[in-house]
Ligand code: GUN
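In my numbering, the protein residues as written are 23 to 334.
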């Protein structure tokens with residue numbers, strides 16, 4: 023790159039502020055449901071003692087309380103068997119106070135996660151991971167649940183008025199939780215982007231990323247996305263939440279994304295910070311999905327349009 027064609031400072035996509043707005047709407051919608059005798063209920067199941075997962079699960083329960091949802095936190099030891107976990111899921115499936123069920127990922131290695139996800143009643147699958155909801159995402163059927171982190175990324179782009187139609191979007195990471203569902207959303211008639219999914223086996227990852235008008239990093243590797251990977255003026259969404267040891271912090275760690283923020287940000291039109299970008303949006307979308315589950319279970323039909331229609 024030749025020298026200092028000074029660029030405007032990037033827009034910081036403030037996920038914390040947007041999540042606060044979304045959650046205020048959720049709180050009002052929960053109050054409207056209360057008036058009809060319905061309390062949205064979310065069960066969060068955590069197997070094992072992964073510290074990051076413990077933080078996420080606690081944060082989900084706290085947000086439920088703030089919104090007037092019922093929440094149940096089920097913490098199971100790392101030694102829990104597949105059958106014991108299946109039994110917990112079956113009990114929650116049958117419980118009318120529970121509209122949404124989330125089993126925190128990743129579970130311990132001896133657990134067959136796909137089988138657990140298949141056991142969740144798809145009408146309570148607020149993560150959107152059950153094959154029935156994955157199919158509905160492919161089909162753009164609004165009765166399905168859209169996975170929370172990808173939905174949060176789209177909401178951040180839409181709310182900032184950042185155009186996706188016709189844009190080259192590159193997603194780094196092909197996970198069930200983020201990469202693949204986000205690719206489906208971006209290519210859907212809602213967003214109309216041209217999408218590339220890159221991953222650890224992609225040839226010349228930096229060159230692929232340099233094509234991106236919208237670059238989404240969802241690999242879980244601290245600061246792998248460098249300034250030289252960025253097309254100037256790109257929009258960068260950092261989904262990574264990595265813990266790096268830091269003795270100067272009370273917690274003993276600091277959070278960093280998948281993007282080398284300090285060197286990348288000056289090149290971008292817009293970028294999400296870590297923390298305070300995608301993370302808070304994930305929880306906000308989970309609350310929206312739980313409301314959707316409560317409405318659909320109580321009224322047995324789509325009363326209020328959800329993701330695709332909401333964002334049309
Ligand atoms: N682990 C990291 N993100 C998620 C998520 O969105 N849902 C679940 N169940 N586990 C996760």
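Beta carbons: idealized from backbone N, C-alpha and C, even for Gly.
task = Quick one: which unbroken alpha helix (DSSP H) runs of 4-plus residues sit fully inside the segment 215 to 268? Chain order, please.
result = 227 to 231
request  = Ignoring anything shorter than 4 residues or poking outside the segment 53 to 90, list the alpha helix (DSSP H) runs there in chain order.
outcome  = 73 to 89
message = What would DSSP say about residue 7, mapped onto helix, strand or coil?
response = Outside the displayed range of the chain (23 to 334) lies residue 7, so it cannot be described from this structure.
message = Rounded to the nearest angstrom, what separates residue 296 and residue 145 at their Cα positions?
response = As a first step, residue 296 is located in the chain shown; it is residue number 274 there, counting from the start. As a first step, residue 145 is located in the chain shown; it is residue number 123 there, counting from the start. Computed Cα separation, rounded: 32 Å.
Residue 95, enclosing beta strand (DSSP E) - first and last residue = One-based indexing of the chain shown puts residue 95 at position 73. 92 to 98 is the span of the beta strand (DSSP E), which, as asked, contains residue 95.
query = Does the Cβ of residue 255 have 16 or more other Cβ atoms within 10 Å, making it buried, or fewer, making it exposed?
reply = As a working mapping, residue 255 is identified with position 233 in the chain shown. Looking at its Cβ environment, which holds fewer than 16 other Cβ atoms inside 10 Å, residue 255 is exposed.
ask   = Which first and last residues belong to the alpha helix (DSSP H) in which residue 138 is found?
value = By one-based count along the chain shown, residue 138 stands at place 116. Start and end: 135 to 141.
task = Quick one: grab the DSSP three-state call for residue 278.
result = Numbered from its first residue, the chain shown carries residue 278 at position 256. If DSSP states are grouped into helix, strand and coil, residue 278 belongs with the strands.
Residues surrounding the ligand GUN [beta-carbon distance to nearest heavy atom under 6 Å] = 124, 125, 126, 127, 149, 170, 171, 199, 304
Through-space distance from residue 86 to residue 161, alpha-carbon basis = Counting from one through the chain shown, the residue named residue 161 turns up at place 139. Counting from one through the chain shown, the residue named residue 86 turns up at place 64. If you take the alpha carbons of residue 161 and residue 86, they lie about 30 Å apart.
ask   = How about residue 236 and residue 282: are their beta carbons less than 7 Å apart?
value = Residue 236 sits at position 214 when you count from the first residue of the chain shown. Residue 282 sits at position 260 when you count from the first residue of the chain shown. In this structure, residue 282 does not lie closer than 7 Å to residue 236 by Cβ.
inquiry  = With a threshold of 7 Å on Cβ separation, who are the neighbours of residue 31 within its own chain once the five nearest residues in sequence on each side are excluded?
reply    = Here residue 31 is taken as the residue at index 9 of the chain shown, counted from 1. Excluding residues within five positions, none has a Cβ falling inside 7 Å.
key: Exposure of residue 155, with buried meaning 16 or more beta-carbon neighbours within 10 Å   = Within the chain shown, residue 155 is the residue found at index 133, counting from 1. It counts as buried.
task = State the Cα-Cα distance for the pair residue 112 and residue 139, rounded to the nearest angstrom.
result = Position 90 of the chain shown, counted from the first residue, corresponds to residue 112. Position 117 of the chain shown, counted from the first residue, corresponds to residue 139. Cα to Cα, the separation comes out at about 11 Å.
Beta-carbon gap between residue 90 and residue 52 smaller than 7 Å = Your numbering for residue 90 matches position 68 in the chain shown. Your numbering for residue 52 matches position 30 in the chain shown. Cβ atoms of residue 90 and residue 52: closer than 7 Å.
query = Three or more C-beta pairs closer than 8 Å, one from the segment 178 to 185 and one from the segment 293 to 313: is that the case here?
reply = yes
query = I think residue 159 touches residue 168, with their Cβ atoms under 8 Å apart; what is that distance to the nearest whole Å?
reply = As a first step, residue 159 must be located in the chain shown, where it is residue number 137. As a first step, residue 168 must be located in the chain shown, where it is residue number 146. Going by Cβ atoms, the distance from residue 159 to residue 168 rounds to 6 Å, so yes, they are a contact pair.
request  = With distances taken Cα to Cα, identify the nearest neighbour of residue 330 among 320, 316, 311.
outcome  = Taking the chain shown and counting its residues from 1, one reaches residue 330 at position 308. Per the Cα distances, 311.
query = Below 8 Å, can you find three or more Cβ-Cβ pairs linking the segment 258 to 273 to the segment 227 to 243?
reply = yes
key: Member of 117, 197, 82, 246 whose CA lies at the smallest distance from the CA of residue 41   = Working through the chain shown from its first residue, we reach residue 41 at position 19. Among 117, 197, 82, 246, the Cα nearest to that of residue 41 belongs to 82.
ask   = Considering only the beta carbon of each residue, do residue 249 and residue 121 sit closer than 7 Å?
value = Numbered from its first residue, the chain shown carries residue 249 at position 227. Numbered from its first residue, the chain shown carries residue 121 at position 99. No, Cβ-Cβ distance for residue 249 and residue 121 is not below 7 Å.
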